[in-house]
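Okay, so here's the structure we're looking at.
In my numbering, the protein residues as written are 134 to 256.
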């Protein structure tokens, strides 16, 4: 399985922008990731535009450590907030792909449920 497409989507309101990516594999599985960068959305999109063709397209979504090394260590000696946020949004989408591919929810891949209920919070 290889990543063949990454589509960034920005949803904004007066308070913040939410940046989503939809990552698609050659098997047609799509994963979604989300990150919020206050006042740096355009910088994040610029980094993704530069990094995706070089480091993400053709990558195995199961090989998260290889992807992290390619996006961060192979690109920058010391990655900052923008590069790390780009890695995070791609990695979240890859976890979604892994879960869908294996037919299990992501929380099971990350060690299983701790609680059977989660308190809600509205801001």
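The beta carbon of each residue, even a glycine, is placed where N, CA and C say it ideally should be. It should be emphasised that the depicted structure is a prediction, and the values quoted were computed from it without experimental measurement.
Less than 7 Å between the beta carbons of residue i and residue j, yes or no?
i	j	result
residue 336	residue 145	The requested residue 336 does not occur in the structure, where the chain is confined to residues 134 to 256.
residue 223	residue 212	no
residue 163	residue 134	no
residue 177	residue 152	yes
residue 232	residue 243	no
residue 170	residue 218	yes
Looking only at DSSP bridge pairs, what is residue i linked to?
i	result
residue 164	156
residue 142	153
residue 136	158
Cα-Cα, which of the options is closest to residue i?
i	options	result
residue 215	240, 237, 242 and 184	184
residue 190	136, 245, 157 and 249	136
residue 182	220, 234, 171 and 169	220
residue 197	180, 169 and 230	230
residue 194	240, 139 and 250	139
residue 149	174, 246 and 251	174
residue 248	254, 240 and 169	240
residue 179	141, 207 and 200	141
Taking residue i and residue j to be in contact with their CB atoms under 8 Å, please state how far apart those CB atoms are, rounded to whole angstroms.
i	j	result
residue 192	residue 202	The Cβ separation is near 11 Å, so there is no contact.
Under DSSP, the alpha helix (DSSP H) around residue i begins and ends at which residues?
i	result
residue 228	214-235
residue 174	174-184
residue 201	197-201
residue 189	Neither: residue 189 is in no alpha helix (DSSP H) and is coded neither H nor E.
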